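**Q**
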Amino acid sequence: MRKRQAKKRPLLPDPRYNDQLVTRFVNMMMWDGKKSVAFKIFYDAMDIVEQKKTDEEKSALELWKDALSNVMPHVEVRSRRVGGATFQIPMQIRPDRKISTAMKWLINYSRKRNEKSMAQRLAAEVIAAAKEEGAAVKKRVDTHKMAEANKAFSHFRF
Numbered sequence: 018m019r020k021r022q023a024k025k026r027p028l029l030p031d032p033r034y035n036d037q038l039v040t041r042f043v044n045m046m047m048w049d050g051k052k053s054v055a056f057k058i059f060y061d062a063m064d065i066v067e068q069k070k071t072d073e074e075k076s077a078l079e080l081w082k083d084a085l086s087n088v089m090p091h092v093e094v095r096s097r098r099v100g101g102a103t104f105q106i107p108m109q110i111r112p113d114r115k116i117s118t119a120m121k122w123l124i125n126y127s128r129k130r131n132e133k134s135m136a137q138r139l140a141a142e143v144i145a146a147a148k149e150e151g152a153a154v155k156k157r158v159d160t161h162k163m164a165e166a167n168k169a170f171s172h173f174r175f
C-alpha cells in the first residue's frame, strides 16, 4: 500500500477549560488560520451562555457538551450503486465522525442565524440544541428519518 493513513496528531487542550474537545471545535470554527479570534468567539459565546442559561446546576461547558451530544447523529445514509441504480443505505457512524459531524452542523447552523455577532449566534444555537431544538438538532432528526425510510436497503451494506 503506497498511501498510509495519516497519523492522528495530538491536540493540545484549550487554555480556559483544559479540554481537547473545545480545541477541536475551535479548530473547525477557525477561518484563515486565525485561532486566537476563533478562541475569543468561543469563549465569548460561553460567557453569553453562562448569562442566559436557565439551568443553574450546569456550567456553560456542560451545556455545550449536552448540545453537542443532542446534535450527534447515530446513523447516516451512504450512496451505493447496485446494478445501475443508486441506493441510499443506512449505516452506523464511527464515534469520531459522530463528533465531527455534530460540530460541523453546530457551526454551520450558527453561522446561518441572524444575531449580531458570531459569538451570539453560537451561544443561541448551543442553548437551543441543549433544549433539543434549533436547526442543528432538526438536521439530526432529518438524518435519522432518512435512514429509517431507507431501512429496506440495509441488506446492501458493504
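Going from the sequence shown to the numbering used here is simple: count from 1 and add 17. Using N, Cα and C, we set each Cβ at its ideal position, and we do this for glycine too. Since this is a predicted model, take the numbers as computed values, not measurements.
Note down the Cα distance separating A152 from T118, rounded to an integer number of angstroms.
**A** As a first step, residue 152 is located in the sequence shown; it is residue number 135 there, counting from the start. As a first step, residue 118 is located in the sequence shown; it is residue number 101 there, counting from the start. Spanning the two alpha carbons is a distance of roughly 14 angstroms.
**Q** Reducing DSSP to helix, strand and coil, say where E74 ends up.
**A** In the sequence shown, counting from the first residue as 1, residue 74 sits at position 57. Coil, per DSSP.
**Q** Which one of A146, M108, E74, M163 has the shortest CA to CA distance from L123?
**A** Residue mapping note: residue 123 aligns to position 106 of the sequence shown, counting from 1. The shortest Cα separation from L123 among A146, M108, E74, M163 belongs to A146.
**Q** Is the distance from the Cβ of I106 to the Cβ of R97 below 8 angstroms?
**A** The sequence position of residue 106 within the sequence shown is 89, counting from 1. The sequence position of residue 97 within the sequence shown is 80, counting from 1. Going by C-beta atoms, I106 is nearer than 8 angstroms to R97.
**Q** State buried or exposed for L85, treating a residue as buried only when at least 16 other CB atoms are found within 10 Å of its CB.
**A** Counting from one through the sequence shown, the residue named residue 85 turns up at place 68. By the 10 Å Cβ count, L85 comes out buried.
**Q** Below 8 angstroms between beta carbons: does that hold for P27 and D36?
**A** Your numbering for residue 27 matches position 10 in the sequence shown. Your numbering for residue 36 matches position 19 in the sequence shown. No. Outside cutoff.
**Q** Answer with buried or exposed for K156, where buried requires no fewer than 16 other C-beta atoms within 10 angstroms of its C-beta.
**A** Taking the first residue of the sequence shown as 1, we reach residue 156 at position 139. Buried, since its Cβ has 16 or more Cβ neighbours within 10 Å.
**Q** Are the stretch 163-170 and the stretch 130-148 touching, with three or more C-beta to C-beta distances below 8 angstroms?
**A** These segments do not touch.
**Q** To the nearest angstrom, how far is it from the Cα of R130 to the Cα of K70?
**A** As a position in the sequence shown, residue 130 is number 113, starting the count at 1. As a position in the sequence shown, residue 70 is number 53, starting the count at 1. Roughly 19 angstroms separates the two Cα atoms.
**Q** At what residue ranges does the stretch 86-113 contain a whole run of the beta strand (DSSP E), taking only runs of 3 or more?
**A** Runs found: 92-99, 102-109.
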